[in-house]
Each structure stands twice: as C-alpha cells, then as structure tokens.
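To start, the structure itself, in structure tokens.
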Amino acid sequence: KEVRRAQWHVTLASRALVLARLGKLEDSKQIVGDNFDPVSTFTSVEFGGLYGIKSLACLAYGELTEALRWAKDAIHANPREPEWHLLAGRAMEYLRKKSTRFSGLPKEEISYFKKAVDLSDRANYVLYLAKIYVQVIRATVQHYAHDTTFKNSPLYQEIGNLTRTTVELYRKILDSHTNCSETQIRCLNGMLKLPRQYLNEDEMKTIIERISKEANKSKKFYGTAASFYLKIERSNRKALTYFERGSDHGDHQCAMNALRLRLKMRQDFDVEGSLLYL
C-alpha cells in the first residue's frame, strides 16, 4: 500500500516506453500527461519503493551492479524497509558468486541480511540469512581444506561460532513452524550442508519421521530425507528408498541420485528403464 504510487509510476512509464518504441507517440504522451504523479510529490517511503522496484528489475535481468546501486538508494530513502536491505544483500550475493576468487567473509553482504532480520522476523528473511551463512561456511572450509594451520587460526573459531549461530537460526524457525512441513524441509536442507558435529541428529530424525507420515507432503521431502540418511546415518539402503520414492513422485533430481546410488552400490538393475524417469 505504501509504495502503490511508485508501482503505478513504473507500470505507466513502462507502458509509455513500449508505445513510444512502437511509434505510437500520441498514445505514449497521453499516458504520461493524464496519469503520472510527478515524483516531486513522492514521500521518502514512495521513493524507496521506486528505487526498490528498479533494483528488482535490474536483479532480474542480471544487471547486478545497477541492482545494488538502486537498492542502496532505496535504503537511503527508506531505511526501515527490510525488503530493500534484503535486495542489497541479494545483489552482493550474486556478485560474490560470479567471482572465482575467495575474498574472506563477506561482512558487508552479511550486514544487509542481518539488518533485514533485525527489522522483521519473517521466516523468509531468517532463512535467507541462514542460507548466506551456510554458503560462507562451506566456501571458507573448502578454501582452507589443505591448510594445516587453519584449525589453529582465529578464522576457524569464527567459522565455528558462525555455524552455531546458523544452527540456532534454523532451530528458531523449526520451533515456530511446527505445523509447516514445507518450511521445516527448507530448514533441514540447510542444516544438512553444515558439519554434522554441530547438528542435533535425533531432533532432525524425529522431524523427518513425522513428515514422512503426512499424506500430502511436498515431493522435496524425499531428497531431504535421503540426504539425511546418506550424510548422518550413512545408510545407502534407506537413502536409496527415499530417492526412489522421490523419483516415483516426479522429482528428477531424486531419479538421478537413485541411479547414481544404485551404480555405487553395484546392484543389478535396469539402467535403461531407470533413465526413463529422468
């Protein structure tokens, strides 16, 4: 509601631009003349909406630097809107992923996601922050995998603390969304990417067993359950059971993982028939 004028402004401007490019200049001028509220009348909240919409559009079309610039402008106009902080963080996340160079902990990027969570405790914001933490933890551990001094460094301690914080974020969402299996599956997926010594394996197993009894569970559940049994319980047999169930429910990734696991276990089966699931 607060950014409705900004949304209408962008919609009309886009329509006017399309008409102008089609050579319908009079129609384009009429749209601008009859309907436009001048931006000089916008409030700071509406300016934030205008810049945020521009940032979203740039993000969608891969103009990451421009997306970040407009997101920062949106934050400057309306610093109390968590969505603009999330947008800035997402733009920085995509810029980081485009680089092959490891540059340490992305503290500025993390600060945007943390600010979004500080302004709103919506589950999506918390899950996004946790996802970024998981990415950072995995990238750091992978980068220093062959560095024998890493475990004695302050960075190792920092990563350990960050992992505990991440687990707590996921547990917070698990506790507050006990009746939403879709959200719990997202939490379990994130947790399974963390070192197992930080996880409460019994709690995770209880959640998986409970969701498995639900009649209308998401097909994403099967891949999550299979990953749990592979990583935590080291049971290829149970993992294969869930991969095959996921395959039966139309999950192509589960079908591929079932095929790989069958080959790894060297079981006799119809490879050509299994490929029909993909």
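Under my numbering, the first residue of the sequence shown carries the number 8, and numbering increases by one thereafter. A virtual CB, placed ideally from N, CA and C, is assigned to each residue, including glycine.
Pick out whichever of T231, T248 and A146 has its Cα sitting closest to the Cα of T107.
Cα-wise, what sits closest to T107 is A146.
Put N264 into one of helix, strand or coil per three-state DSSP.
helix
Which residue wins for smallest C-alpha separation from Q191, given the options K238, K212 and Q142?
Taking only the C-alpha atoms, the option nearest Q191 is K212.
Measuring alpha carbon to alpha carbon, tell me which of L75, E115, S62 and R11 ends up nearest T50.
R11
State buried or exposed for T231, treating a residue as buried only when at least 16 other CB atoms are found within 10 Å of its CB.
buried
Indicate the three-state DSSP secondary structure (helix, strand or coil) for R193 in the structure shown.
helix
Confirm, please, whether the CB-CB distance from L247 to M272 is below 9 Å.
yes
Taking only the alpha-carbon atoms, compute the straight-line gap between S127 and V52 and give it to the nearest angstrom.
Distance between the alpha carbons of S127 and V52: 17 Å.
Between which two residues does the alpha helix (DSSP H) holding Q149 run?
A130 to H150
Could you check if S47 is buried or exposed, using at least 16 other CB atoms within 10 Å of its CB as the buried criterion?
exposed
Where does V124 sit, in a helix, a strand or coil, going by DSSP?
It is helical.
Here's the rule I'm using: 16 or more other beta-carbon atoms within 10 Å means buried, otherwise exposed. How should R269 be labelled?
buried
So what's C187 in DSSP terms, helix, strand or just coil?
coil
Between which two residues does the alpha helix (DSSP H) containing P89 stretch?
Per DSSP, P89 belongs to the alpha helix (DSSP H) from P89 to K105.
I82 to E216, Cα distance in whole Å?
43 Å
Shorter than 8 Å, the distance from the beta carbon of M263 to the closest heavy atom of the ligand GDP, or not?
This structure lacks the ligand GDP, and indeed carries no ligand of any kind.
Compare the Cα-Cα distances from C187 to each of Q260, S225 and E100 and report the closest residue.
Ranked by Cα distance from C187, the first of Q260, S225 and E100 is S225.
Nearest to F235 by alpha carbon, out of M263, H150, E210 and E221?
Looking at the Cα atoms, E210 is the closest of the given residues.
So, at 6 Å on beta carbons, what are the nonlocal neighbours of N223 in its own chain, with the 5 sequence-adjacent residues on each side left out?
No residues qualify anywhere along the chain.
Name the residue from S110, Y119, R97 and A130 whose alpha carbon lies nearest to the alpha carbon of E189.
Here the closest residue by C-alpha is A130.
How is R269 classed by DSSP in three states: helix, strand or coil?
helix
Does the separation of the CB atoms of A98 and L57 fall below 9 Å?
It is not a contact, given that the beta carbons lie outside the stated cut-off.
For R203, count neighbouring C-beta atoms within 10 Å of its own C-beta (all shown protein chains included) and say buried if the count is 16 or more, exposed if not.
Within a 10 Å sphere around the beta-carbon of R203 sit fewer than 16 other beta-carbons, which makes this residue exposed.
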